[in-house]
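Protein chains in written order, with the numbering used here: chain A, 1 to 114; chain B, 1001 to 1111. One structure below.
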Amino acid sequence: GAGVSQSPSNKVTEKGKDVELRCDPISGHTALYWYRQSLGQGLEFLIYFQGNSAPDKSGLPSDRFSAERTGGSVSTLTIQRTQQEDSAVYLCASSLVGRETEAFFGQGTRLTVV
Amino acid sequence: RKEVEQDPGPFNVPEGATVAFNCTYSNSASQSFFWYRQDCRKEPKLLMSVYSSGNEDGRFTAQLNRASQYISLLIRDSKLSDSATYLCVVGGGGSNYKLTFGKGTLLTVNP
């Protein structure tokens, strides 16, 4: 079945370049989340979308990070002027909005900044 | 106090052992509670939701104590395939459905 799809699966970029990560959520899922996971660390919340709006973007670490969602579906996470500390696995998840919000994750984008 | 706090682990247990994971959360308005499992270099996957009445799925039992803001997961008769990191997850209250993850507890089941 169609799960959450993320692309690219791996990305190596030079320090200072911009990168764009894409997430295709499960069809019909209104909620979409971005998390990142650094080596050996837990999941760090970045941003949450409900439809196309982001009621909680408190986890974005700096103004180099931005995200948008269009048509209540695809979301892109953009990192400008990448730094080595941005290296991590960026995970996207989607869920139905409701009391019991079981989230389904994509396989993530492994970003390496060299 | 961290939003979601788990036993730091790691846990190393023999096959057949019973192992318990504990978790506490700080936001009393939280509405939903889950245990996820994450295999090495894979994405987290939902293991089970947690209800106030407690719920069981085969060898796995999850419990929630809202008064104490405490969540637990018990694995009985552990198998080698249970080796993974177990993540305690709490969903926001009201109109905020943000999911907050604990750092996870690594379990290794040894033959």
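For glycine and all other residues, C-beta sits at the position ideal for the given N, C-alpha and C.
Other residues of its chain near residue i: CB distance less than 7 Å, five sequence neighbours each side excluded
| i | result |
| --- | --- |
| Arg69 of chain A | Leu32, Phe49, Asn52 and Ser75 |
| Asp1077 of chain B | Gly1016 and Arg1059 |
| Ser1052 of chain B | Leu1064 and Arg1066 |
| Asp1082 of chain B | Ile1075, Leu1107 and Val1109 |
Through-space distance from residue j to residue i, alpha-carbon basis
| i | j | result |
| --- | --- | --- |
| Pro1008 of chain B | Gln41 of chain A | 11 Å |
| Lys15 of chain A | Phe1033 of chain B | 39 Å |
| Arg81 of chain A | Ser1068 of chain B | 44 Å |
| Thr1018 of chain B | Asp63 of chain A | 46 Å |
| Gly59 of chain A | Gln1038 of chain B | 21 Å |
| Trp34 of chain A | Leu1087 of chain B | 17 Å |
C-beta contact flag for residue i and residue j at 9 Å
| i | j | result |
| --- | --- | --- |
| Tyr1025 of chain B | Thr1100 of chain B | yes |
When the options are compared against residue i, the one with the closest alpha-carbon
| i | options | result |
| --- | --- | --- |
| Ser27 of chain A | A:Phe65, A:Phe104, A:Gly108 and A:Leu111 | A:Phe104 |
| Gln37 of chain A | B:Leu1107, B:Leu1080, B:Lys1103 and B:Phe1011 | B:Lys1103 |
| Gln83 of chain A | A:Leu111, A:Pro8, A:Ala54 and A:Ser95 | A:Leu111 |
| Pro1014 of chain B | B:Leu1080, B:Asn1055 and B:Val1004 | B:Leu1080 |
| Gly3 of chain A | B:Glu1043, B:Asn1055 and B:Gly1092 | B:Glu1043 |
| Pro61 of chain A | A:Glu85, A:Val19 and A:Pro25 | A:Glu85 |
Contacts around residue i, its chain only, beta-carbon distance under 8 Å, and the 5 residues preceding and following it disregarded
| i | result |
| --- | --- |
| Pro1010 of chain B | Thr1105, Leu1106, Leu1107 and Thr1108 |
| Val97 of chain A | Thr30, Ala31 and Gln50 |
Sequence-distant residues of the same chain with beta carbon closer than 6 Å to residue i, five excluded per side
| i | result |
| --- | --- |
| Tyr1070 of chain B | Thr1024 |
Contacting positions in the segment 1047-1060 of chain B - beta carbon closer than 8 Å to chain A: Closer than 8 Å at the C-beta level to chain A, one finds these residues of the segment 1047-1060 of chain B: Ser1049.
Contacting positions in the segment 10-33 of chain A - beta carbon closer than 8 Å to chain B: Residues Ala31 and Tyr33.
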